[in-house]
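Notes for the one structure printed next.
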Amino acid sequence: MDLAESLWSEILGPDADTGTGFLENGGDSFRAVLLTTRLYELTGREVEYLDVLEADGAAAIARLLTTDTPGS
Numbered sequence: 001m002d003l004a005e006s007l008w009s010e011i012l013g014p015d016a017d018t019g020t021g022f023l024e025n026g027g028d029s030f031r032a033v034l035l036t037t038r039l040y041e042l043t044g045r046e047v048e049y050l051d052v053l054e055a056d057g058a059a060a061i062a063r064l065l066t067t068d069t070p071g072s
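Counting with the UniProt record's numbering, you get residues 1 to 72 for the letters of the sequence shown.
Structure (structure tokens):
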């Protein structure tokens with residue numbers, strides 16, 4: 001399990017489907033902020049919480065971590 005999948009399950013619960021959207025898994029703005037905070041703590045990468053809310057699965061989060069962003 002990669003980091004994005006691990007955090008997806010940590011924040012959304014062990015029954016969360018990594019191939020289903022964040023909101024469809026019961027995510028909300030509070031959980032999105034929790035996820036962005038954990039991502040920053042573990043990787044130093046800043047991810048916008050709105051991007052998390054729009055994520056269609058854990059793979060989308062992994063892509064956000066590998067995408068070059070201005071200032072990173």
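We put the CB at the ideal spot given by N, CA and C, even for glycine. Small disclaimer: the values here were computed from a predicted structure and weren't measured.
From residue i to residue j, what does the alpha carbon distance come to, in whole angstroms?
i	j	result
Leu23	Asp51	11 Å
Arg45	Arg63	12 Å
Thr67	Asp56	16 Å
Thr37	Val47	9 Å
Ile11	Thr43	16 Å
Val33	Gly21	16 Å
Tyr49	Leu35	8 Å
Arg31	Asn25	11 Å
Taking the CB atoms as reference points, tell me whether residue i and residue j lie closer together than 8 Å.
i	j	result
Leu39	Leu7	yes
Ala4	Ile61	yes
Problem set entry | Any alpha helix (DSSP H) of 4 or more consecutive residues that is wholly inside the UniProt domain "Carrier" (6–65) | 29–43 and 49–54
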